[in-house]
Amino acid sequence: MSLIHNALSETSPRTLDAFVVLGSIMSEGIPRVSVPVIDRILLHLWEQDHQADHYLVTNEVTRPGISEVCAMHPPNVSRAMRDLMSEGFVSEHMRSIRGEDRRQKTWQLTDDGRSVARQRISNLRSNKVLLRGRDGKLLEIRADEAAEKLETSLSLLQVLMHAQHEGVLNFGDIRFGAIVSSHEKKVPPSSILSGAHSTYHNRPPSTRSFHGRSSEKEELDRWHSSRVPMFVLSGIAGCGKTTLTSHWLNDLLSNVPDTEVMYYPCQPWDTPLGIATSILHRIGIGVEEGKQDPYMVLGALPLKPGARIDIDTYRRRLCAHLLDDAKLVKENCSELLVVLDDVHNIGPEGSHLFGALLQVAETTSLRLILISRTKLAFYDTRDVHTRKRVHELDLSGLSMEEVEDWISTIDLPEETGADKVHSITGGHPLAVELLELYGETLHDDWMRFLDQEILDVLPIESREILSILSVADRPVPWQVLARAASHDGPPPGDLIDRGLMLELEDGMWLHEAIRTRLLRDVGRPLEERLRRLTDASDA
1161 MSLIHNALSE TSPRTLDAFV VLGSIMSEGI PRVSVPVIDR ILLHLWEQDH
1211 QADHYLVTNE VTRPGISEVC AMHPPNVSRA MRDLMSEGFV SEHMRSIRGE
1261 DRRQKTWQLT DDGRSVARQR ISNLRSNKVL LRGRDGKLLE IRADEAAEKL
1311 ETSLSLLQVL MHAQHEGVLN FGDIRFGAIV SSHEKKVPPS SILSGAHSTY
1361 HNRPPSTRSF HGRSSEKEEL DRWHSSRVPM FVLSGIAGCG KTTLTSHWLN
1411 DLLSNVPDTE VMYYPCQPWD TPLGIATSIL HRIGIGVEEG KQDPYMVLGA
1461 LPLKPGARID IDTYRRRLCA HLLDDAKLVK ENCSELLVVL DDVHNIGPEG
1511 SHLFGALLQV AETTSLRLIL ISRTKLAFYD TRDVHTRKRV HELDLSGLSM
1561 EEVEDWISTI DLPEETGADK VHSITGGHPL AVELLELYGE TLHDDWMRFL
1611 DQEILDVLPI ESREILSILS VADRPVPWQV LARAASHDGP PPGDLIDRGL
1661 MLELEDGMWL HEAIRTRLLR DVGRPLEERL RRLTDASDA
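In the numbering used here, each number is its position in the sequence shown, counted from 1, plus 1160.
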């Protein structure tokens, strides 16, 4: 006792206080942590289960690694593994080790072992451990709460092993690694809808001056007042599809200000998943503050890169959210008008999503406008004429009267009449706009536009068919045109879908603006095409 008295007399007051606290705890029964060998191994293999069945693994699942982490001699590891394998809880494998030249024996949990490990872990978590916190106070807490109190990234096994061998875990112990401050503001986890707000607009874009198209705007009005869920607007590049839709939308918003609009311009790099995600964001579905997802629509979106969206689940849950028969949605759109511009950029892979959205629009308050340079293939003619699911509008050039009204406001030479402008440009709005800017009917910018946006993207065979057709002065039957172009089969779909070649009663014809551009290829190419067309007609 004298030795203890002398030791205490030379101890600082703070240490004496600690002895007093520790003594009071010990008098009531200090928590003793003792983790059985089998539990250590099961817990460690559970923490390394992400490496199961991997060809290349780390040292943690080898005998030396397990020996170090679980504080066991290597022979005891082998002995324990034999017992676990006999119970069917662990399987043994020879695998390549990261940073090692030779393969080594490794272990992983079986399905039965995982079930047992989960049961053992639930018991180990509730073990009481002692730790000294940041303020120096001695605390007795559950083992699974220790890492947070110590502000470290210790695993449950590390906490238990330190507690078993040392009794008390001290805040700031250098062996615990860097302190992870709990006082720093936590960054919320990234949402699957992050950035979706930047992909669409709530109002249509600003476009160039609007001329004519009164009948087309009336057709849009009739569609909007009907019950047809989808409107499809198609036409060649630059013919005014976006301009028409934007001006019609602006008029609609001025008359009905509370109309909910989502305008999504599809880019060449867009995907169906991006469109589907943005629609959910616009509706108000999400996990952030102020968002809601009672019907778990987000569960239909893939979480892994490159995975496909579950279209059927997405359709069913989106319908349930918009209909909200269970009254779970706090705020829902009365009607949402979704405008998808340039959907030809999505390609055939977008057909399933567009078809699903059409089904959603049939049963909910969603309305759709799709704008495309090509004919869309996810619906058929019966949907337009019989089932009344889709309203189509093929936008061509301005009429002669509309061109005349436009150029009457332009200071042009007398010889530049409306009939001449219309015959050369086909009433294409961009050509007339360039005429207004530069005073030239066939400006270089207009020719460059036709080349870059229309002709240069065509296959060589399709462009040659148009070039041969351009030398004709009247429609040509397809049999004659195909013979002249040495083409087998039906008319190319890319020409028909884009509206570059027209199927008339008398035969095939082409857009006047394209014909004017192709006739500028004078000389031998023009003469050769005329000869081939003449020979095919005579045959």
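Virtual Cβ for every residue (Gly too), placed ideally from N, Cα, C.
Residue i - DSSP class collapsed to helix/strand/coil
| i | result |
| --- | --- |
| His1588 | coil |
| Lys1487 | coil |
| Gln1519 | helix |
| Phe1391 | strand |
| Asp1453 | coil |
| Trp1638 | helix |
| Tyr1423 | strand |
| Asp1554 | strand |
| Glu1188 | In this prediction, Glu1188 has a pLDDT of 48, which is less than 50 and means its spatial position is unreliable; what the coordinates show is noted afterwards. Helix, per DSSP. |
| His1512 | helix |
| Ser1697 | helix |
| Ile1469 | coil |
| Gly1459 | helix |
| Ser1385 | helix |
| His1545 | helix |
| Asn1362 | coil |
| Asp1611 | helix |
| Gly1446 | coil |
| Arg1533 | coil |
| Glu1665 | coil |
| Val1328 | strand |
| Leu1500 | strand |
| Arg1692 | helix |
Beta-carbon contacts of residue i that lie in its chain and below 8 Å, excluding the five residues immediately before and after
| i | result |
| --- | --- |
| Asn1505 | Cys1426, Gln1427, Pro1428, Asp1430 |
Contacting residues, own chain, Cβ-Cβ under 6 Å from residue i (five flanking each side not counted)
| i | result |
| --- | --- |
| Gly1515 | Phe1538 |
| Leu1409 | Pro1364 |
| Ile1439 | none |
| Leu1317 | Leu1203, His1204 |
| Thr1359 | Ser1438 |
| Asp1472 | none |
| Thr1585 | Ala1591, Ala1673 |
| Ile1625 | Ala1645 |
Residue i vs residue j beta-carbon contact at 7 Å
| i | j | result |
| --- | --- | --- |
| Ala1645 | Ile1628 | yes |
| Ala1460 | Tyr1474 | yes |
| Val1550 | Met1390 | yes |
| Val1457 | Arg1477 | yes |
| Ser1286 | Arg1302 | yes |
| Ser1622 | Pro1589 | no |
| Gln1208 | Val1195 | no |
| Met1668 | Trp1638 | yes |
| Arg1294 | Phe1331 | yes |
| Pro1235 | Arg1223 | no |
| Leu1216 | Arg1258 | yes |
| Ala1397 | Glu1687 | no |
| Ala1240 | Val1197 | yes |
| Arg1703 | Leu1610 | There is simply no residue 1703 to check, as the chain begins at 1161 and stops at 1699 in what is shown. |
| Arg1373 | Leu1404 | yes |
| Ile1531 | Asp1501 | yes |
| Ala1307 | Leu1314 | yes |
Residue closest to residue i, alpha-carbon to alpha-carbon, out of the options
| i | options | result |
| --- | --- | --- |
| Gly1557 | Cys1230, Glu1672, Ala1480, Lys1487 | Glu1672 |
| Leu1482 | His1512, Gln1264, Arg1527, Val1503 | Arg1527 |
| Val1503 | His1214, Leu1205, Arg1658 | Arg1658 |
| Ile1445 | Thr1405, Ile1469, Leu1488 | Leu1488 |
| Thr1569 | Leu1597, Asp1611, Asp1554 | Leu1597 |
| Asn1362 | Ser1315, Leu1314, Met1241, Pro1417 | Pro1417 |
| Glu1252 | Arg1258, Arg1242, Ser1394, Asp1261 | Arg1242 |
| Met1245 | Val1193, Ile1201, Val1640 | Ile1201 |
| Asp1579 | Val1563, Ala1591, Leu1594 | Val1563 |
| Leu1618 | Val1217, Arg1280, Met1661 | Met1661 |
| Leu1693 | Arg1608, Arg1643, Val1682 | Arg1643 |
| Asp1470 | Ala1480, Gly1507, Pro1432 | Pro1432 |
| Thr1218 | Ser1256, Cys1479, Glu1308, Ile1443 | Ser1256 |
| Asn1492 | Lys1451, Leu1518, Gly1587 | Lys1451 |
| Leu1463 | Gly1434, Arg1442, Tyr1455, Asp1484 | Gly1434 |
| Glu1159 | Lys1297, Asp1681, Arg1468 | As shown, the chain starts at 1161 and ends at 1699. That puts residue 1159 outside it, with no answer to give. |
| Gln1211 | Thr1541, Trp1267, Asp1540, Gly1587 | Trp1267 |
| His1441 | Leu1496, Arg1542, Asn1415 | Leu1496 |
Nonlocal neighbours in the same chain, by C-beta distance under 7 Å from residue i, ignoring five residues either side
| i | result |
| --- | --- |
| Ser1494 | Ser1525 |
| Gly1248 | Thr1270, Asp1272 |
| His1343 | Model confidence at His1343 stands at a pLDDT of 49, short of 50, so the residue's coordinates are unreliable and nothing is read from them. |
| Glu1379 | Leu1553 |
| Asp1605 | Leu1594 |
Any non-hydrogen atom of the ligand COA closer than 6 Å to residue i Cβ
| i | result |
| --- | --- |
| Asp1501 | This structure simply doesn't include the ligand COA, nor any ligand for that matter. |
Whole beta strand (DSSP E) runs in the stretch 1282 to 1321 with 3 or more residues, listed along the chain? 1288 to 1292, 1298 to 1302
My parser needs the alpha helix (DSSP H) runs of 4 or more residues fully inside the stretch 1218 to 1285; what are they? 1223 to 1229, 1234 to 1247, 1271 to 1285
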